[in-house]
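Engineer: Encoded as structure tokens, here's the structure I'll be asking about.
Residue numbers (our numbering): -19 to 736.
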């Protein structure tokens, strides 16, 4: 669908060079491309039984997109036919050549012969079939043409064929000048491109109504199911502008323009297109015809509702509230309960930005079930589960609620909500620190087939839930030290969700976070610091927290403390409990490094109380490890060992590799500190057990390339081997320690004053 060339294609809607306002008044007209399709259908009928079953099946699959799609160049059409049946492609080319190089009466005779397809007791084509309707439309459109219009059509057919001949001649000359190796590479590339790329549109005239509807529905489907296969935002907007140039009142084109503007976060264009869509819907009377006298009011209230949703998406909450109030007022006047339920759902979303309230949501779920709106009811249940997960409700109750919503999904075949439910379960298990369960849910979604009816070659799970699950999967692999696998997942995400797509920010944030953790593990704090800006742009809270971590690692304690205190106040205000606990743990570590061990204890106890109140098991275990470290510092290693045995199991079962290594390192430190009061024999056994735990910790640290922690473990092992009199092992550890010590900078912080 490129720019219009009036000289090439005759268009019945053009009179004296002026385009009529209603370009879609005629549903279809004859073009050279459609004449080529008519020749194809004619030759297909002549071939009859000569075609094999496989060839006929391929041609039947090819016909539907050709009949519905826009016009294309003859060379591309011929190539598509050749891939299905080379013999038939030759026949079509010869027939078109005879017609183009013959006389006008040959074209007249061709259209006269088309009517014979419907004659006889067993006609070749049924009148009501897809092919039959296409033939009848073309015959009718041709019969309505005047003689001058027929002559123009014949001239355009000659130009259409001659253009293809010139292109073939140029290609043959190029083949003669090109060496065989380059030619093979070029042919392979063309084969990989495929015969009919849906994003390539090469028609040279305005689309008919059917073609325009097909194009719009196709692009809308691609935007929903597989955005990468749709036209690029700029190209799609250009084609929509071309459509609207011929018919400014084409409401569906305005709506697709609205969806396209949302892809690039263009608030002005999206608002403009949305308002135009509802204006045209009212002006054309489409709503009034289908909904009686209520059509006009229905358009107004849904226009206000969509405008509220648009403003909410862009964070304009005041404007969204005003638009929503207008929608509620009109819906109440019209007694439209369905619209009111949608308004109630959006009202909850707006109220949620101000304060947490389950009352509206519970009322919305009950009313949606009462009025038979399973989609809204399920979304309400999902929102309730999410809110109660943040409120610290037990996981088993949340999973029971999600099970009830899953019954609704499967009962009504709500494929998209099934995906959202599984992604929600993955996120909940991650929140509660159960990485194994999260991994299982992620794999479930990835192995599912969508219930959506989509075209062959279109990705079926190219939705936000799919992006969320893949991001969690990448992070889980990175936490276990499988950085190559995480990179492959992120690479797949980048291909599936390009940077200009609406869900790209998800993988961008996870990619930056994984790179940050790798840089911190490797001791490259300057690299980690450079990544903070990118993380802050995508998530300000995560960015500030990671800036404080970098400052802490660089021993800038006062700056890190100020930043963490500000972040703590902000997170408490917005009730981000998970981040509050992480900030409290970082503040406690700052106190350790400043030798204020007693001040760290109340901070840790506050973090532990929050983690247990909100059922954040993994954060609770991490807090207990920090408490054990505090007890070790305060000289009570036996008590530290006792609480370590209580907390270490969840860490080893569900924790990141780095946390596992830190936990085993802490156990070894506590064992060594406790062994001071043991008998000589028992002391040797305790030290040997500590060496085994250090070996395990060393394996974990090596897996994530955490050189600083490796250096500390090697130093500790060398001291223990020296105490046990194992000189050879001591020297080996000392040599490895020296290599790492020369490679890494020393910060002058005592070994015992760092848990992580």
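Where a beta carbon is used, it is the ideal one built from N, C-alpha and C, also for glycine.
Starting from residue 537, trace the alpha helix (DSSP H) in both directions and tell me its first and last residue.
Structural biologist: In the chain shown, counting from the first residue as 1, residue 537 sits at position 557. Note, residue 537: alpha helix (DSSP H), 537 to 554.
Engineer: Hey, residue 401 and residue 385 are a contact pair by Cβ (cut 8 Å); roughly how many whole angstroms apart?
Structural biologist: Along the chain shown, read from residue 1 onward, the residue named residue 401 stands at position 421. Along the chain shown, read from residue 1 onward, the residue named residue 385 stands at position 405. Indeed, because the Cβ distance is near 6 Å, the residues count as touching under 8 Å.
Engineer: Please classify residue 229: does DSSP put it in a helix, a strand, or coil?
Structural biologist: Taking the chain shown and counting its residues from 1, the one referred to as residue 229 is at position 249. Note: residue 229 maps to coil in three-state DSSP.
Engineer: Report yes if the C-beta distance between residue 489 and residue 519 is below 8 Å; otherwise report no.
Structural biologist: Walking along the chain shown from the start, residue 489 turns up at place 509. Walking along the chain shown from the start, residue 519 turns up at place 539. Contact: yes.
Engineer: Report back the beta-carbon spacing between residue 119 and residue 141 to the nearest angstrom; my notes put them in contact at under 8 Å.
Structural biologist: By one-based count along the chain shown, residue 119 stands at place 139. By one-based count along the chain shown, residue 141 stands at place 161. Between residue 141 and residue 119 the Cβ distance is about 21 Å, and since that is not below 8 Å, they are no contact.
Engineer: Helix, strand or coil for residue 572? Go by DSSP, reduced to three states.
Structural biologist: Translated into the one-based positions of the chain shown, residue 572 becomes position 592. In this structure, residue 572 counts as helix in the three-state DSSP scheme.
Engineer: Let me make sure I understand the geometry here. Which of 646, 641, 345 has the alpha-carbon closest to that of residue 687?
Structural biologist: For the purposes of this step, residue 687 is taken as residue 707 along the chain shown, with counting starting at 1. Closest by alpha carbon: 641.
Engineer: Is it buried or exposed, residue 576, if we count other Cβ atoms within 10 angstroms and call 16 or more buried?
Structural biologist: Position 596 of the chain shown holds residue 576. So residue 576 ends up on the exposed side.
Engineer: Contact between the segment 509 to 517 and the segment 475 to 494 is defined here as three or more beta-carbon pairs at a separation below 8 Å; is this criterion met?
Structural biologist: The segment 509 to 517 is in contact with the segment 475 to 494.
Engineer: For the alpha helix (DSSP H) holding residue 628, just list the boundary residues, first then last.
Structural biologist: As a first step, residue 628 must be located in the chain shown, where it is residue number 648. Here the alpha helix (DSSP H) through residue 628 covers 617 to 634.
Engineer: Just to confirm the assignment, what range does the alpha helix (DSSP H) spanning residue 82 have?
Structural biologist: Numbered from its first residue, the chain shown carries residue 82 at position 102. Per DSSP, residue 82 belongs to no alpha helix (DSSP H) and is neither H nor E.
Engineer: In three-state DSSP terms, what is residue 6?
Structural biologist: Locating residue 6 in the chain shown gives position 26, counting from the first residue. Note that residue 6 scores 46 on pLDDT, short of 50, meaning its location in the model is unreliable; the coordinates nonetheless yield the value given after this. Coil.
Engineer: I want to know whether the segment 209 to 218 touches the segment 239 to 254 - three or more CB-CB distances under 8 Å.
Structural biologist: Touching, yes.
Engineer: Note down, in chain order, each residue of its chain lying with its Cβ closer than 7 Å to the Cβ of residue 618, except the 5 sequence neighbours on either side.
Structural biologist: One-based indexing of the chain shown puts residue 618 at position 638. The answer, listed in chain order, is 654.
Engineer: Note down the Cα distance separating residue 316 from residue 484, rounded to an integer number of angstroms.
Structural biologist: By one-based count along the chain shown, residue 316 stands at place 336. By one-based count along the chain shown, residue 484 stands at place 504. Answer to the nearest angstrom: the Cα atoms are 37 Å apart.
Engineer: Which first and last residues belong to the alpha helix (DSSP H) in which residue 514 is found?
Structural biologist: In the chain shown, residue 514 corresponds to position 534, counting from 1. That run of the alpha helix (DSSP H) goes 505 to 518.
Engineer: Check whether the Cβ atoms of residue 601 and residue 631 lie closer than 8 Å to each other.
Structural biologist: Position 621 of the chain shown, counted from the start, is the residue given in the question as residue 601. Position 651 of the chain shown, counted from the start, is the residue given in the question as residue 631. Result yes, Cβ atoms of residue 601 and residue 631 sit closer than 8 Å.
Engineer: Assign residue 711 to one of three DSSP states: helix, strand, or coil.
Structural biologist: In the chain shown, residue 711 corresponds to position 731, counting from 1. DSSP places residue 711 in helix when its eight states are reduced to three.
Engineer: Going by C-alpha distance, which of 64, 27, 232, 53 is nearest residue 43?
Structural biologist: To locate residue 43, count along the chain shown from 1; it is residue 63. Per the Cα distances, 64.
Engineer: Restricting to Cα atoms, I'd like to know which of 606, 696, 503 is closest to residue 722.
Structural biologist: For the purposes of this step, residue 722 is taken as residue 742 along the chain shown, with counting starting at 1. Per the Cα distances, 503.
Engineer: What would DSSP say about residue 387, mapped onto helix, strand or coil?
Structural biologist: Indexing the chain shown from 1 puts residue 387 at position 407. Residue 387: helix per DSSP, three-state reduction.
Engineer: Going by the beta-carbon positions, is the gap between residue 413 and residue 593 smaller than 8 Å?
Structural biologist: If you number the chain shown from 1, residue 413 lands on position 433. If you number the chain shown from 1, residue 593 lands on position 613. Against a cut-off of 8 Å, the Cβ pair of residue 593 and residue 413 comes out as no contact.
Engineer: Enumerate in chain order the residues of its own chain whose CB-to-CB distance from residue 310 is below 7 Å, with the five nearest sequence positions on each side excluded.
Structural biologist: On the chain shown, residue 310 is found 330 positions in, with the first residue counted as 1. Correct list, in chain order: 277, 280, 281, 284.
Engineer: In the DSSP assignment, find the alpha helix (DSSP H) that holds residue 502 and state where it starts and stops.
Structural biologist: Counting from 1 along the chain shown, the entry for residue 502 is found at position 522. Unbroken run through residue 502: none, as it is neither H nor E.
Engineer: Closest to residue 73 by CA distance: which of 82, 86, 54 is it?
Structural biologist: Reading the chain shown from its first residue, position 93 is the one you call residue 73. For the residues 82, 86, 54, the minimum Cα distance to residue 73 belongs to 54.
Engineer: Residue 551: which of 560, 545, 544, 345 sits nearest, CA to CA?
Structural biologist: To locate residue 551, count along the chain shown from 1; it is residue 571. Among 560, 545, 544, 345, the Cα nearest to that of residue 551 belongs to 560.
Engineer: So, residue 650 versus residue 612, is the Cβ gap smaller than 8 Å?
Structural biologist: Mapped onto the chain shown, residue 650 falls at position 670. Mapped onto the chain shown, residue 612 falls at position 632. Yes; because the gap between Cβ atoms is below 8 Å, this pair is in contact.
Engineer: Answer with buried or exposed for residue 96, where buried requires no fewer than 16 other C-beta atoms within 10 angstroms of its C-beta.
Structural biologist: Start at 1 with the first residue of the chain shown, and residue 96 comes out as number 116. That one is exposed.
Engineer: With a 10 Å radius around its C-beta and 16 neighbouring C-beta atoms as the bar for buried, classify residue 422 as buried or exposed.
Structural biologist: The residue labelled residue 422 in the question sits at position 442 within the chain shown. So residue 422 ends up on the buried side.
Engineer: Measure the C-alpha to C-alpha separation of residue 644 and residue 567 and round it to an integer number of angstroms.
Structural biologist: Taking the first residue of the chain shown as 1, we reach residue 644 at position 664. Taking the first residue of the chain shown as 1, we reach residue 567 at position 587. Distance between the alpha carbons of residue 644 and residue 567: 23 Å.
Engineer: Output the distance between the C-alpha atoms of residue 583 and residue 590, rounded to the nearest integer angstrom.
Structural biologist: As a first step, residue 583 is located in the chain shown; it is residue number 603 there, counting from the start. As a first step, residue 590 is located in the chain shown; it is residue number 610 there, counting from the start. Taking the straight line from one Cα to the other gives about 11 Å.
Engineer: So what does DSSP say about residue 659, is it helix, strand or coil?
Structural biologist: Numbered from 1 along the chain shown, position 679 holds the residue referred to as residue 659. Looking at residue 659 - three-state DSSP - the assignment turns out to be coil, as it is neither helix nor strand.
Engineer: Can you list, in chain order, the residues of its chain with a C-beta nearer than 6 Å to that of residue 191? Leave out the 5 residues immediately preceding and following it.
Structural biologist: Here residue 191 refers to the residue found at position 211 when the chain shown is read from its first residue. Taken in chain order, the residues that qualify are 50.
Engineer: Evaluate residue 14 with the Cβ neighbour count: other Cβ atoms within 10 Å of its Cβ, from every protein chain shown; 16 or more gives buried, anything less gives exposed.
Structural biologist: The sequence position of residue 14 within the chain shown is 34, counting from 1. Result: buried.
Engineer: Quick check on the burial criterion: 16 or more other C-beta atoms within 10 angstroms. Buried or exposed for residue 184?
Structural biologist: Here the question's residue 184 lines up with position 204 in the chain shown. At residue 184, the pLDDT of 43 sits below 50, so the modelled position is not reliable and the matter cannot be decided from this model.
Engineer: Work out the CA separation of residue 526 and residue 542 for me, nearest whole Å.
Structural biologist: Within the chain shown, numbered from 1, the residue matching residue 542 stands at position 562. Within the chain shown, numbered from 1, the residue matching residue 526 stands at position 546. If I take the Cα positions, the gap works out to 14 Å.
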